[in-house]
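Visitor: Below: one structure in structure tokens.
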Amino acid sequence: MKRWLFREPPAGSPPRGLARELSISPLLLDILWRRGLDSPEELDAYLSARLPDLVPPSRWPQFPQAAEVISKALLDGKKLAVWGDYDVDGITSSTLVLDVLEAHGLEALWHVPDRRSEGYGLNIPAIEELAAQGCGILLTVDCGISDMAAVARARELGMTVVISDHLPPPELPPADAICNPRLGPEDDMPCPHLAGVGVAFFLMAAVNAALAPHTGRRFKMDKVLDLVALGTLADVMRLGGQNRILVRGGLDKLAEAARPGIAALKTVSGSDAAARLNAGQVVFRLAPRINAAGRMGAADTALQLLRSKDHVEALRLAQHLDALNTQRREEEERIWAAAREQAHRQLEQRQRPALVLYGGDWHPGIVGIVASRIVEEFYRPTIILCDDNNMMKGSGRSIREFDLYAGLQKTAHVLAGFGGHKLAAGVRLEPNQLERFREAFERVVADELGEQPLTPALLLECELDFQQASDSAFLQELELMQPFGAGNAEPVFASPELTVVDRSPLGYSGDHVRLRLKDSASGITLMAKGWNMATAFPPSSVGSRIRVAYTPRLDYYRGVASIDVGIKDWQPVAD
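Following the working numbering, the numbering of the sequence shown begins with 8 at its first residue and continues without gaps.
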């Protein structure tokens, strides 16, 4: 069970008549007001999220200059190579760049590094190979901001180098131009939380405009919004401001599935090619299959899929990615079981504020996923390590109360290298430093959080009874808050006292449960689903009185709407 925290309303209350002015209910206005949208202008921008409200590239610092460098070099006859990361954000960014250049009749090289043999970011051998192939412009997407030596080598080889990335840099590489929405004062940035693909979108929009007078062509940038939505959602970026507009518009494009690769990806993930997917479905159905390519050493397959113009070829590539994803899941379950057992053993020895787990044969492309699952169960900052070329390599995930990157900075004396941000990071260390690192990391976390583990908190909007939760007009209104994700969580409400009327298993695994819950005050009974809650609600729970933290939504099956209640947490009601 979790600590239930309710959003605190800001000082003051919404102006009278504002709900009517915005054509929304007072309840929805109250929810948005509690989330900090406390002006009519902010509320209208949030609810509308219109593409014409995107900030033009000319108003982004650094972007016009970088676009001028790229377009001038292209018009001078130089060949461009785009270098992208091997995750969804990097693959979609690379595809976007190639799409725009192709529309202007320009051929380009591309390179996506092999996760295992090359690792993250730029490397000198591959840059020298691109130079041998005639590359005159190196454009990085979703990477490159910390690769000082590799950028310097590219410049030595005569390349024009433009870095586009979205991670905060420790220091700037010697590139000809840099695009990063986190450079400079935050107040000057239209959106410091762009994904790499968002940076690529605005940069290539400026390049597109600069090339148009010379090529006589102009690419319609809305055609790549499917890529922007996919990369932004997969990279778990905050869905506010510009990101909200980009993702909402991109979900429309994903529904159209005009790109053969997207249509094929939807098909192999169990959706109709023409189905409209919400943000969660994109994250849990489409993104893992693209990520599986990079994790299993075949990132170029994902890029080929998104670039494919042929539906038959696209389906073949998508099926290959689906098979890789199945392999990834099997490997994940193996590592997860071993890591979980190791975590229990460590905690039986003594209480620990953090976990550092190691398996020599664990897959370096999968340990990050497992780290997330360990954090979810044990609620401790976690680093999971494996062997990698005579070194140990690992991925870490954190809880919201602990800045992982800042913590790793304090253990840098026992690390060969590290990088990342507040909630996720990667590390490298010598094998003989494992115990020193474990001790140092646990000490840093204990100094910050204390020796005792924390209890995770669940943020709720307000109390919502079943009469309101069964109001289809209100549930339709909640859809105005889509897309949900980081920075714009799906609303969770606290129920009044409920009675468990009936209980039945859900799914084949036996881990899930379906409950019929009755609101004692209104007398309304709704069906609710509890994922991984079968043990919490055994058959003997029928008749018990509880409160639940839940999300109500409309579920459509064959055109018929029903109310779906998803249980996030629960509490017993004291007698």
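Using N, Cα and C, we set each Cβ at its ideal position, and we do this for glycine too.
#1: Please report the straight-line C-alpha distance between Leu313 and Ala138, rounded to a whole angstrom.
#2: Could you pull the DSSP bridge partners for Lys400 from this structure?
#3: Which ranges would you report for the alpha helix (DSSP H) in the region 288 to 367 if only whole runs of at least 4 residues count?
#4: Under 8 Å: do the region 218 to 230 and the region 114 to 122 share three or more Cβ pairs, one atom per stretch?
#5: Taking C-beta to C-beta, are Phe70 and Cys150 nearer than 8 Å?
#6: For Ser479, count neighbouring C-beta atoms within 10 Å of its own C-beta (all shown protein chains included) and say buried if the count is 16 or more, exposed if not.
#7: Is Leu505 near Asp526, with beta carbons less than 8 Å apart?
#8: Take Asp154 and list the residues in its own chain whose beta-carbon comes closer than 7 Å to its own, dropping the five residues that flank it on each side.
#9: For my contact list, Gly366 and Ile342 are in at a C-beta cut-off of 8 Å; report their separation, rounded to the angstrom.
#10: Assuming contact is defined by CB atoms lying nearer than 8 Å, are Gly427 and Tyr412 in contact in what I supplied?
#11: Could you check how far apart the C-beta atoms of Glu468 and Pro498 are, in whole angstroms? I think they sit under 8 Å.
#12: Near Ile144, which residues of its chain fall below 6 Å by C-beta distance, leaving aside the five closest residues on each side in sequence?
#13: By alpha-carbon positions, which one of Leu466, Val363, Leu29 ends up nearest to Arg443?
#14: Might you give, ordered along the chain, the residues of its own chain that have their beta carbon closer than 7 Å to the beta carbon of Gln334, omitting 5 neighbours on each side?
#15: Suppose you measure from the CA of Leu485 to the CA of Leu34; what does that come to, to the nearest Å?
#16: Assess contact between the region 46 to 57 and the region 19 to 37, defined as three or more Cβ pairs (one per stretch) separated by less than 8 Å. Is contact present?
#17: Counting pairs of beta carbons, one from the region 249 to 263 and one from the region 487 to 498, are three or more of them closer than 8 Å?
#18: Taking DSSP's pairing of strands, which residues face Glu587 in a bridge?
#19: Within 10 angstroms of the Cβ of Met8, are there 16 or more other Cβ atoms? Answer buried if so, exposed if not.
#20: Ordered along the chain, which non-local residues of its own chain (more than five positions away) have a Cβ less than 8 Å from that of Asp259?
#21: Can you tell which of Arg122, Leu522, Thr532 has the C-alpha that lies nearest to the C-alpha of Ser511?
#22: Taking only the alpha-carbon atoms, compute the straight-line gap between Arg14 and Asp576 and give it to the nearest angstrom.
#23: Apply the 10 Å Cβ neighbour rule to Glu339 and answer buried if 16 or more other Cβ atoms are within range, or exposed otherwise.
#24: State the DSSP-derived secondary structure class of Gly238, mapped to helix, strand or coil.
#25: The beta strand (DSSP E) that contains Leu116, what's its start and end?
#26: Just verifying my parser: in three-state terms, what is the DSSP assignment at Val62?
#27: Quick check on DSSP: helix, strand or coil for Leu190?
#28: For the beta strand (DSSP E) that contains Pro579, what are its first and last residues?
#29: Applying the criterion that 16 or more other CB atoms from any shown protein chain within 10 Å of the CB defines a buried residue, is Phe448 buried or exposed?
#30: Would you tell me roughly how many angstroms separate the C-alpha atoms of Asp94 and Gln459, rounded to the nearest one?
#31: Could you pull out every residue in the same chain whose Cβ sits closer than 8 Å to the Cβ of Arg122, ignoring the five residues on either side in sequence?
#32: For Gly414 versus Val452, is the C-beta distance shorter than 8 Å?
#33: When the Cα atoms are used, what is the spatial distance from Gly550 to Leu524?
Guide: Concretely, from the data shown:
#1: Each residue's alpha carbon lies about 26 Å from the other.
#2: DSSP, once it has assigned bridges, lists Cys393, Arg435 as partnering Lys400.
#3: List check, alpha helix (DSSP H) in window: 294 to 302, 306 to 314, 318 to 356.
#4: With fewer than three CB-CB distances shorter than 8 Å, the region 218 to 230 does not count as touching the region 114 to 122.
#5: No. Outside cutoff.
#6: Around the beta-carbon of Ser479, fewer than 16 other beta-carbon atoms lie within 10 Å, marking it exposed.
#7: It is a contact, given that the beta carbons lie within the stated cut-off.
#8: Listed in chain order, the non-local C-beta contacts of Asp154 below 7 Å within the same chain comprise Gly128, Leu129, Pro180, local neighbours out to five positions each way being set aside.
#9: With a Cβ gap of about 7 Å, Gly366 and Ile342 count as contacting.
#10: Yes; because the gap between Cβ atoms is below 8 Å, this pair is in contact.
#11: Going by Cβ atoms, the distance from Glu468 to Pro498 rounds to 5 Å, so yes, they are a contact pair.
#12: Contacts found: Ala80, Lys85, Leu87, Thr167.
#13: Comparing alpha-carbon positions, the option among Leu466, Val363, Leu29 lying closest to Arg443 turns out to be Val363.
#14: Around Gln334: Met303.
#15: When rounded, the distance between both Cα atoms is 10 Å.
#16: With the cut-off at 8 Å, the region 46 to 57 and the region 19 to 37 touch.
#17: Pairwise C-beta distances place the region 249 to 263 in contact with the region 487 to 498, as three or more of them are shorter than 8 Å.
#18: Absent from the structure is residue 587, since the part of the chain shown begins at 8 and ends at 582.
#19: It counts as exposed.
#20: The residues are Leu232.
#21: Residue Leu522 is the option with its Cα nearest to Ser511.
#22: Each residue's alpha carbon lies about 17 Å from the other.
#23: By the neighbour-count rule (16 or more Cβ atoms within 10 Å), Glu339 is buried.
#24: Judged by DSSP in its simplified three-state form, Gly238 adopts helix.
#25: 115 to 118 is the span of the beta strand (DSSP E), which, as asked, contains Leu116.
#26: In this structure, Val62 counts as coil in the three-state DSSP scheme.
#27: It is coil, neither helix nor strand.
#28: Membership of Pro579 in the beta strand (DSSP E) is indicated by the continuous run 567 to 579.
#29: By the neighbour-count rule (16 or more Cβ atoms within 10 Å), Phe448 is buried.
#30: Straight-line Cα distance between these residues: approximately 35 Å.
#31: Once the five neighbours on either side are set aside, the close Cβ partners of Arg122 are Tyr93, Gly301, Arg302, Gly304, Ala306, Pro371, Gly372.
#32: For the 8 Å CB-CB criterion, Gly414 and Val452 form a contact.
#33: Spanning the two alpha carbons is a distance of roughly 10 Å.
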